[in-house]
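Engineer:
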Amino acid sequence: MVNFSKLLPTLKQKCVVHLWSCDEEHKVMRNRVNRVVNGEKEPSPLNENNELNDEDKFVSRTPRKLFADLHRHAIKLGLKPQDFQQLSSVNEIQKSINRVNFCRLFITIACIVFVAIIFIFVTEWPVSNTHVIVWWFQWYKSNPLKEPCVVYVPESVTENIKPPLNCDFCRNLHHVDHINNISIKDFESQYAYSGIPIVISDGTKNWTASEFFSYNFMKEVFSPGSEALDKVEKDCQFFPYKTDFSSLGNVFEMSEERAFMKGEAKPWYIGWSNCDNSAANILRQHYTRPYFLPEFSESSKTDWIFMGSPGYGAHLHIDHVDLPSWQAQITGRKRWILQPPRDCYFQCPRELEVIVNQGEIIVLDTNKWYHSTLNIGETISITIGSEYD
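Reading the sequence shown from the start, the letters are residues 1 to 389 in the UniProt record's numbering.
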């Protein structure tokens with residue numbers, strides 16, 4: 001057994017020397033700070049014999065060195081490694097060292113994994129990128145043929161890496177105009193590609209869609225087991241928004257009470273892209289290309305349909321598309337809230353509000369304008385739209 005009573009005075013003496021040394025180091029540092037503040041010249045760290053002067057000797061003795069000296073002296077006096085485990089301060093130091101070692105190990109492993117992933121991606125060895133992508137979708141139980149992206153990037157990230165915008169499209173704009181009977185030439189020169197939102201009040205003239213389109217009509221076109229529904233669910237996009245629907249077929253399975261908001265039914269709002277030719281042929285019997293679009297522009301082959309009960313709509317978002325779009329209000333009414341991108345916060349109004357009524361078409365560059373919608377009124381809202389070049 002080690003006689004701690006004999007070692008204690010010596011350890012105390014060494015600790016006093018250690019504390020005195022730390023105190024002297026503080027004095028040295030204070031003296032150096034004062035010299036800098038007073039504009040005095042810093043003395044040379046070497047004396048006449050090319051040795052460190054007293055101040056720099058203190059600075060050069062770090063707490064780590066002082067503790068090492070104390071540890072070596074204790075070993076010489078007869079202490080064993082297990083004796084040090086009885087000192088709480090030594091245990092704390094050991095825990096701190098373990099934490100540092102764990103962090104180093106974690107960082108090392110992370111770097112190795114990152115380098116391995118880059119190596120596999122670049123060399124496609126020992127597996128090809130195709131296999132990696134397939135495994136990725138299998139892990140998330142998804143179909144790679146239906147997903148537009150392998151990895152979804154948050155909107156906050158994509159917004160920050162977008163190139164800066166010219167804010168002319170929203171500068172000095174304080175409301176969204178409603179206009180009638182606009183010519184193709186005027187629409188093209190003023191609105192088609194300017195990014196300025198506009199509502200064409202007679203946009204659906206000569207259409208019969210408002211007479212035919214309804215929840216039951218859509219349910220019949222995309223009936224369970226039909227080619228159109230199978231095509232949409234396999235190859236098209238579906239947006240459930242904040243509902244509990246997982247597919248378009250699921251929407252047409254809801255109860256009549258909820259579909260038509262009877263009693264205290266839960267509100268709903270969904271959207272989907274129609275990429276089925278047979279369904280498109282049926283739908284387009286009741287609407288045509290808007291009369292005001294530029295003569296040589298072409299609409300997208302895929303139409304977008306949005307449908308929902310009053311009191312519900314789409315959250316504020318931006319569409320990552322390349323082209324402007326039009327959206328026709330076939331039934332019901334919808335309130336739109338428009339906000340400019342962050343680049344234009346201090347040059348444009350913070351928010352615009354516009355109500356689109358049945359029979360009207362809103363033209364909007366949804367890649368520039370953040371937008372949210374809310375179905376208002378007492379009837380189901382159905383809109384259909386498309387992009388144009």
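Ideal Cβ positions, reconstructed from N, Cα and C, are used throughout, including at glycine. Here the structure is a predicted model, which means the values were calculated and not measured.
Going straight from the alpha carbon of A116 to that of V100, what length do you get?
Structural biologist: Cα to Cα, A116 sits roughly 24 Å from V100.
Engineer: Given a cut-off of 7 Å on the beta-carbon distance, is the pair F292 and F217 in contact?
Structural biologist: It is not a contact, given that the beta carbons lie outside the stated cut-off.
Engineer: In this structure, how does DSSP classify S273 when only helix, strand and coil are distinguished?
Structural biologist: Reduced to three states, the DSSP call for S273 is strand.
Engineer: My understanding is that I198 touches E295, with C-beta atoms under 8 Å, so please give their C-beta distance in whole angstroms.
Structural biologist: Contact doesn't hold; Cβ gap of about 18 Å is too wide.
Engineer: DSSP three-state call for G249: helix, strand or coil?
Structural biologist: If DSSP states are grouped into helix, strand and coil, G249 belongs with the helices.
Engineer: Just to confirm my understanding: we take V36, look at its own chain, exclude 5 residues before and 5 after, and list those with CB closer than 7 Å. What are they?
Structural biologist: Model confidence at V36 stands at a pLDDT of 47, short of 50, so the residue's coordinates are unreliable; what they give is reported in the following sentence. No residues qualify anywhere along the chain.
Engineer: How is Q327 classed by DSSP in three states: helix, strand or coil?
Structural biologist: Strand, per DSSP.
Engineer: Roughly how many angstroms separate the alpha carbons of S367 and G195, rounded to a whole number?
Structural biologist: Here residue 367 is Asn; the residue named in the question, Ser, does not match the sequence. Near 9 Å, if we compare the C-alpha coordinates of G195 and N367.
Engineer: In chain order, what residues of the same chain have a beta carbon less than 6 Å from the beta carbon of G359, not counting five sequence neighbours either side?
Structural biologist: Hits under 6 Å: T204.
Engineer: With R258 as the anchor, note down where its alpha helix (DSSP H) starts and where it stops.
Structural biologist: First-last of the alpha helix (DSSP H) with R258: E256 to A259.
Engineer: Would R335 and I376 be called neighbours here (beta carbons separated by less than 7 Å)?
Structural biologist: Cβ distance < 7 Å, so R335 and I376 count as in contact.
Engineer: Short of 8 Å in beta carbon distance, which residues of its chain neighbour G271, apart from the five on each side in sequence? Order them along the chain.
Structural biologist: These residues qualify, in order along the chain: F238, F239, Y241, W304, I305, F306, M307 and A314.
Engineer: Mapping the DSSP letters down to three states, classify E387 as helix, strand or coil.
Structural biologist: Looking at E387 - three-state DSSP - the assignment turns out to be strand.
Engineer: Anyone know if the C-beta pair for V221 and D276 falls short of 7 Å?
Structural biologist: Cβ atoms of V221 and D276: not closer than 7 Å.
Engineer: Compute the Euclidean distance between the alpha carbons of G385 and V134, then round it to the nearest angstrom.
Structural biologist: Roughly 33 Å separates the two Cα atoms.
Engineer: So, with DSSP's three-state summary, where would you put N281?
Structural biologist: Of the three classes helix, strand and coil, the one that applies to N281 here is helix, per DSSP.
Engineer: On the three-state DSSP scale, how would you describe K262?
Structural biologist: Here K262 sits in coil by DSSP.
Engineer: For D186, which of helix, strand or coil comes out of DSSP?
Structural biologist: If DSSP states are grouped into helix, strand and coil, D186 belongs with the helices.
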